[in-house]
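A.B. asks:
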Amino acid sequence: METKNCISTRRSIRSFTDKAVSENDIRIIAALAQNAPSWKNSQTVRLCAVTDKKLLEEICAVLPERNGKIAGSAPLIFAVSSVTGKSGFSKEGTADSIYGEGYTFFDCGLFVQSLCLAACDLGLGTVIMGLFDPEKIRPLLNIPQGENIIALIPCGYAAEEPKAPPRLPTDEILRLI
C-alpha cells in the first residue's frame, strides 16, 4: 500500500477478528517502527508485543471497562514504553530541549504513528490507548522502572471498517506565510 493511502485510510479499529497476527508480521511492524526518528538518535522507545492469550486476558482485566472490551477482541497488544532521562536531554543528563522529559512523548508519537502505518500496510488495524494504569501493566509485562509506559495498542484484523471521521478543512489548520 502507498504511504499516502495508509495515512488517509488508517482508522482506529475497536473490534477485531480472532485471526492471529504472525510473528513475522509483528517483527516487520517493529522493524519499520524502529525507523522513526528520535531525539539525537537516542532510540529510547521500547516495544513489547503480547500474543499470549492468558496474558492478554490479564491485561484486559486491569484496563478501564471500555478499553478492556476493545482490547479483549484483539489477538495482539503492543505496549510502547520509553527509557526515561534520555530523550530531550544532553549526554550529561541536563535538559537539552525546551520540553525536557516531555520530548519523549514526541519520540513515542513518531514511533507509534510509524507502527500503526506499518500495521495498516500489512492489512492490520490498530487503536492507540492512552487510558490505563501503567503500574498495573508494568508487572504483567516485566517493564523496568526506568521506562515510562506511554501507550497500549491493540492490533489485529478488523472485524468492521469504520467510516472516516470528519476532518477540519486543510485551510483551517494550515497557515501559509
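Quick note on our numbering: the sequence shown kicks off at 955 and runs consecutively. Every residue, glycine too, gets a C-beta built ideally from N, C-alpha and C. Since we're looking at a predicted model, the values are computed, not measured.
Hey, is the region 1113-1130 in contact with the region 1061-1068, meaning 3+ C-beta pairs nearer than 8 Å?
C.D. replies: no
A.B. asks: Shortest alpha-carbon distance to GLY1084 belongs to which of SER1035, SER1044, ILE983, GLY1100?
C.D. replies: By one-based count along the sequence shown, residue 1084 stands at place 130. Of the candidates SER1035, SER1044, ILE983, GLY1100, the one whose C-alpha sits nearest the C-alpha of GLY1084 is SER1035.
A.B. asks: Would you report the Cα separation of ALA1112 and LYS1045, rounded to the nearest angstrom?
C.D. replies: Against the sequence shown, residue 1112 aligns to sequence position 158. Against the sequence shown, residue 1045 aligns to sequence position 91. Roughly 43 Å separates the two Cα atoms.
A.B. asks: How many Å lie between PRO1093 and GLN1099 at the Cα?
C.D. replies: For the purposes of this step, residue 1093 is taken as residue 139 along the sequence shown, with counting starting at 1. For the purposes of this step, residue 1099 is taken as residue 145 along the sequence shown, with counting starting at 1. For PRO1093 and GLN1099, the distance between alpha carbons rounds to 10 Å.
A.B. asks: What are the start and end residues of each continuous beta strand (DSSP E) run of 3 or more residues lying completely inside the region 1020-1064, in chain order?
C.D. replies: 1030-1037
A.B. asks: Since ASN1102 is in the beta strand (DSSP E), which residue starts that stretch and which ends it?
C.D. replies: Looking up residue 1102 in the sequence shown gives position 148. From DSSP, the beta strand (DSSP E) with ASN1102 extends over 1101-1110.
A.B. asks: Suppose you measure from the CA of GLY1047 to the CA of GLY1054; what does that come to, to the nearest Å?
C.D. replies: Counting from one through the sequence shown, the residue named residue 1047 turns up at place 93. Counting from one through the sequence shown, the residue named residue 1054 turns up at place 100. Approximately 10 Å between the Cα atoms of the pair.
A.B. asks: Could you name the residues of the same chain whose beta carbon sits closer than 6 Å to that of SER1027, not counting the 5 residues immediately before and after it, in chain order?
C.D. replies: Here residue 1027 refers to the residue found at position 73 when the sequence shown is read from its first residue. SER969, PHE970.
A.B. asks: Given this structure, state the Cα-to-Cα distance separating SER992 from ILE961, to the nearest angstrom.
C.D. replies: Here the question's residue 992 lines up with position 38 in the sequence shown. Here the question's residue 961 lines up with position 7 in the sequence shown. Their backbone Cα atoms lie some 20 Å apart in a straight line.
A.B. asks: ALA1025: which of TYR1057, THR1038, LEU1009 sits nearest, CA to CA?
C.D. replies: Here residue 1025 refers to the residue found at position 71 of the sequence shown. ALA1025 has its Cα closest to that of LEU1009, out of TYR1057, THR1038, LEU1009.
A.B. asks: My guess is that ALA1073 and ILE983 are in contact by the Cβ rule of under 8 Å, so how many angstroms apart are they, rounded?
C.D. replies: Mapped onto the sequence shown, residue 1073 falls at position 119. Mapped onto the sequence shown, residue 983 falls at position 29. About 5 Å separates the two Cβ atoms, so the contact holds.
A.B. asks: Cβ of ILE967 within 8 Å of Cβ of ALA1033?
C.D. replies: Position 13 of the sequence shown, counted from the first residue, corresponds to residue 967. Position 79 of the sequence shown, counted from the first residue, corresponds to residue 1033. No, these two residues do not count as a Cβ contact at 8 Å.
A.B. asks: Starting from the Cα of SER976, find the closest Cα among THR957, GLU956, THR1005 and give me that residue.
C.D. replies: Numbered from 1 along the sequence shown, position 22 holds the residue referred to as residue 976. Distance check between SER976 and each of THR957, GLU956, THR1005 places THR1005 closest, using alpha-carbon atoms only.
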